[in-house]
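Protein chains in written order, with full-length UniProt numbering: chain S, 1 to 222; chain D, 1 to 222. Backbone N, C-alpha and C define an ideal beta-carbon position, used for all residues, glycine too. Treat the numbers as computed from the prediction; the structure is a model and nothing was measured.
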């Protein structure tokens, strides 16, 4: 029987989706047990906790699982209100933040992955699309300190911040110049890294690069 | 200048995503102006209101746009609390409902579309996948009256209900037998149609079938 207040996170170190949850838990000051999942031999607990997608991250709170990173962030925000919410209180501003978290979810990971996996024409297409994504995010950020609510580091920031430790990998494999294409976004990434929650969560970009390299070698470039 | 309380929905009659919003507005008893969008020549208002995805549905409330159907449903639920919420109050049950709404969003439309668009091996693959989706939804529904909270017609039900008017199209083009594969889901669909909000929103399945046929003819089967 799990203790009602017990918090565990089944995760994988390099996953931007898992890192979101770690940043959110750190922002709220929640103590939890980090459990690294072996993705080549998934645990019984993971398969039982997320039988539909069989994916990390899974948050276990009092033994009850919560799946899907953006849903986990909402859950953390509701259960541990803390000093400030990850979402604005105004319903329109809140819908706006959910829209951008969803945009990050659909676009950045999928296209970013193609930047280091693909070559030739497929890489050219991915680069073009990724630059569009950067410009779109850059325009949305504008001169705000953070995405979500101006001065508040919130849902959109937490959703996007983990990808900043992949920026080096994106550049190295594809030749996309992050700073040239999106200088405000790169400055925002630096501001995020000044936060303890982000600094202690994000891995060294070189380790991410090595990890991507080992995957590419294993599965071959397309 | 838009009136603060003015509600408009830019939509397209056969869109399951737009129908979700219409069902939600009807459930909450919100009066609004329905505006049919011409998807071959999108309006200035649509492009201005949803510049990122350029898609319907868009809810305009006091002139301010809200985009993406599941986000619109959350917005409607927050702004017009009404008799009951679309989501359970318990955070874990709420996360569970969001998980299944997301599942519907990712799986049903995309795979369902392949059922009437594809042929040959691609159709066989879509059929196999769709039966899996039906079985998964069937297991999640179990003996509950509704998906979201047992007796409450909520977010997951509203997200899925519009696809029931596509069931005939799915069957006719692919040969998947909905009732055989998912008898509980078909009974749930009948229960949904007993609600005024659903009955007045969903189009005649034969009109949906004709619409799918005209699209298939125009773009060719793959």
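If you draw a straight line from the Cα of residue 32 of chain D to the Cα of residue 69 of chain D, it is about 16 Å long.
Not one beta carbon of chain S lies nearer than 9 Å to the beta carbon of residue 56 of chain D. Under the Cβ criterion of 9 Å, residue 104 of chain D is not counted among the residues facing chain S. For the stretch 64 to 90 of chain S, residues whose beta-carbon sits nearer than 8 Å to a beta-carbon of chain D comprise 64, 66, 67, 68, 71, 72, 74, 75, 78 and 79. Under the three-state reduction of DSSP output, residue 102 of chain D falls in the helix class. Taking a Cβ-Cβ threshold of 7 Å, the residues of chain D close to residue 99 of chain S are 67, 68 and 71, in chain order.
Counting along the chain, the unbroken beta strand (DSSP E) around residue 11 of chain S starts and ends at 7 to 11. Along the UniProt domain "GST C-terminal" (90 to 219) of chain D, going in chain order, the ones with a CB nearer than 7 Å to a CB of chain S are 91, 92, 95, 98, 99, 102, 103 and 136. Selection S/71, S/92 and S/86 evaluated against residue 76 of chain D yields S/92 as nearest (Cα-Cα).
Within chain D, the C-beta atoms nearer than 7 Å to that of residue 52 of chain S come from 103 and 136, in chain order.
A check of alpha carbon separations from residue 190 of chain D across D/39, D/172, D/163 and D/131 identifies D/163 as the nearest. Taking 9 Å as the cut-off, the beta carbon of residue 10 of chain D is found no closer than this to the beta carbon of residue 40 of chain D. Annotation for residue 28 of chain D: 76, 80 and 82 place their beta carbon closer than 7 Å to its own, counting only its chain and skipping 5 residues before and after.
A straight line joining the alpha-carbon of residue 117 of chain S with that of residue 174 of chain D spans about 35 Å.
In the DSSP assignment, residue 180 of chain D falls within the unbroken alpha helix (DSSP H) covering 178 to 181. Look at the UniProt domain "GST C-terminal" (90 to 219) of chain S and you find these whole runs of alpha helix (DSSP H), each 4 residues long or longer: 91 to 117, 120 to 141, 155 to 160, 167 to 174, 178 to 181, 183 to 193, 196 to 199 and 205 to 219. For residue 42 of chain D, DSSP assigns no beta-bridge partner whatsoever. The beta carbons of residue 209 of chain D and residue 172 of chain D sit closer together than 9 Å.
The beta carbon of residue 203 of chain D sits closer than 7 Å to those of 13, 14 and 165, all from its chain and outside the five residues before and after it, given in chain order.
If you draw a 10 Å sphere on the C-beta of residue 65 of chain D, you find 16 or more other C-beta atoms in it, and that means buried.
Here DSSP, grouped into helix, strand and coil, assigns residue 32 of chain S to coil. Straight across, the Cα-Cα distance linking residue 131 of chain D with residue 142 of chain S is about 46 Å.
Counting the other CB atoms within 10 Å of its CB gives residue 47 of chain D a total below 16, which places it among the exposed residues. Note that the C-beta distance between residue 182 of chain D and residue 134 of chain D is below 9 Å. In the DSSP assignment, residue 65 of chain S forms a beta bridge with S/60. Cβ-Cβ distances below 7 Å link residue 138 of chain S to 182, 184 and 185 in the same chain, with the five nearest sequence neighbours on each side left out; the list follows chain order. Residue 126 of chain D is positioned such that its CB atom lies closer than 9 Å to that of residue 111 of chain D.
Shown here for residue 199 of chain D: same chain residues with a beta carbon closer than 7 Å to its own, the five before and five after excluded, namely 193 in chain order. Contact check for residue 26 of chain D against residue 73 of chain D fails: the beta carbons are separated by 9 Å or more. The beta-carbon distance between residue 16 of chain D and residue 109 of chain D, rounded to whole angstroms, is 6 Å. This is short enough to meet the 8 Å contact definition.
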